[in-house]
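Using full-length UniProt numbering, the first residue of the sequence shown is number 1, and each one after it goes up by one. Backbone N, C-alpha and C define an ideal beta-carbon position, used for all residues, glycine too. This report concerns only the one structure given below.
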Amino acid sequence: LPQQENWFDCGLFLLHYAELFLEQASNLSATKYLDFLNEDWFFPAEVSLKKRDHIRKLIHRIVEDNALNDPPTTRDKCYQSGTDEDDS
């Protein structure tokens, strides 16, 4: 299996392994098996750069979607105005 090149991308690699496994395992044939779960399965840099960026974009999209769908609360209004109710 491809290995991470640093000490902090283990979670990204685990997610990438799981995604690729679920995508590719059901489509395996005897000839395709040779390229599956080996050292050349994918490039480690692909995970470090692309997966982190993909997760960041997902988080931003979720935050934006929630901001559009949820009305602002009183607490949100206090933070936006720069004042806090407890300071009075």
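Return helix, strand or coil for residue i, following the three-state DSSP convention.
i, result
"PRO44", "helix"
"GLU39", "coil"
"PHE8", "coil"
"GLN24", "helix"
"LEU49", "helix"
"LEU1", "coil"
Looking only at its chain, what residues have a beta carbon closer than 8 Å to the beta carbon of residue i, apart from the 5 residues adjacent to it on each side?
i, result
"GLU39", "LEU1, PRO2"
"GLN4", "CYS10, LEU12, PHE13, PRO44, VAL47, SER48"
Between residue i and residue j, which are expected to be in contact by the criterion C-beta below 8 Å, what is the C-beta distance as a whole number of angstroms?
i, j, result
"LYS51", "LEU15", "6 Å"
"PHE42", "LEU20", "7 Å"
Would you kindly report the start and end of the unbroken alpha helix (DSSP H) that includes residue i?
i, result
"LYS57", "52-69"
Leaving out five residues before and five after residue i in sequence, what residues of the same chain have Cβ atoms less than 6 Å from its Cβ?
i, result
"SER88", "Caution is warranted here: a pLDDT of 47 is assigned to SER88, below 50, making its placement in the model unreliable, and no coordinate value can be reported."
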